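As they're listed, the protein sequences go chains A and B.
Under the numbering used here, the first residue of the first sequence carries the number 130, and numbering increases by one thereafter.
Under the numbering used here, the first residue of the second sequence carries the number 7, and numbering increases by one thereafter.
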Amino acid sequence: MNKISKFKKSNIFLLLMVSFTMFTSCKSTIALYDQFAYTQATSLKVDMQNLAEESSTINYPDAKTDIDNLNVALQKAFEYASGLSKNSLSTTQYSILLADNGFYKTFLKTWQSQGKESTTAAHEISLKIGQLMDQVIALESGKNKPK
Amino acid sequence: MSIDIKSILSGLENEIADLAKTTFKNFASQATSDGKQLLASTKEDLTRWTQQLENKNITKADFETLLIGQKDLIQMSALTKAGVALSKIDEFKNNVFGLILNTLTGLI
């Protein structure tokens, strides 16, 4: 009887060890939620939407400083995202935003070539930027919170 | 004390099945709803932009820019869905291992 009990206890111990090994080897497949990345994305959303609205009232050359500052902030967000482990999906989202043939850069080129955007176009562009940044924000907030 | 391993494993199996249902059920319906919403908003946007182009409220270049924006949005939305799905899978795996460990440690 004592032998059987010992056998069962050793079985449980073995199961525990196996579970522990599986648990520790079962690393997450995607980065955990990052508060800084979330704040960065929400801040970028506001700044990018404001810039788009600005395009109907300010000529491109006069907004160049704002544009350059925002481009640097966007680049920093990309670098931060790419530096995080298992964060390729968020990094890809930023690379779409930064792509030369993507929406944001195409908007800047259109603004530059037209001098100013119409109020309607500026508003539509601002809306679209908001929707794009909402995707970055939704991905970050959908990640599991660190324990 | 005798331990009924079969009953423990069967109990765990049921708990894991319940966990899977609760973890993924809401996610699946949310993903479907988001997909439908994106399709509907694409249709609305295209209709509105075409009208704005005809009324000369936006230029052809603006129209093309907005189309690129819609294409980017679809790509970024797919990345968001994939990321949230991976996070749900991670959450599920962690909960399953937690469940197994708690059950087994409770036997000692």
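In this text, a Cβ means the ideal position worked out from N, Cα and C, and glycines have one as well.
As the structure is a prediction and not an experimental result, all values here were calculated from the model.
Contact with chain A by residue i, beta-carbon distance below 8 Å
i	result
Thr65 of chain B	yes
Leu25 of chain B	no
Ile22 of chain B	no
Gly75 of chain B	yes
Asp10 of chain B	no
Within chain B, the residues that residue i reaches when beta carbons sit closer than 7 Å
i	result
Ser157 of chain A	Asp96
Asn273 of chain A	Ser93, Asp96 and Glu97
Ile225 of chain A	Asp78, Gln81 and Met82
Phe232 of chain A	Thr71, Ile74, Gly75 and Asp78
Phe236 of chain A	Thr71
Span separating the alpha-carbon of residue i from that of residue j
i	j	result
Gln43 of chain B	Ile258 of chain A	17 Å
Lys234 of chain A	Thr29 of chain B	39 Å
Gly67 of chain B	Ala46 of chain B	The amino acid occupying residue 67 of chain B in the given sequence is Ala; Gly does not appear at that position. Those two C-alpha atoms are separated by around 24 Å.
Ala250 of chain A	Leu256 of chain A	10 Å
Glu60 of chain B	Gln36 of chain B	36 Å
Thr53 of chain B	Ile196 of chain A	30 Å
Ile80 of chain B	Phe232 of chain A	12 Å
Ile106 of chain B	Met177 of chain A	47 Å
Listed by chain order, chain A residues near residue i by CB distance under 7 Å
i	result
Ala88 of chain B	Leu218
Gln58 of chain B	Thr249
Residue j beta carbon less than 8 Å from that of residue i
i	j	result
Ile64 of chain B	Glu253 of chain A	yes
Leu25 of chain B	Thr109 of chain B	no
Tyr162 of chain A	Lys274 of chain A	yes
Chain B contact for residue i (CB, 8 Å cutoff)
i	result
Gln264 of chain A	yes
Leu203 of chain A	no
Ala192 of chain A	no
Ile254 of chain A	yes
Proximal chain B residues relative to residue i, where beta-carbon distance stays under 8 Å
i	result
Ala210 of chain A	Simply none; closest approach about 12 Å.
Proximal residues of chain A, C-beta to C-beta of residue i below 9 Å
i	result
Leu18 of chain B	By Cβ distance, chain A contributes nothing, its closest Cβ being about 11 Å from Leu18 of chain B, past 9 Å.
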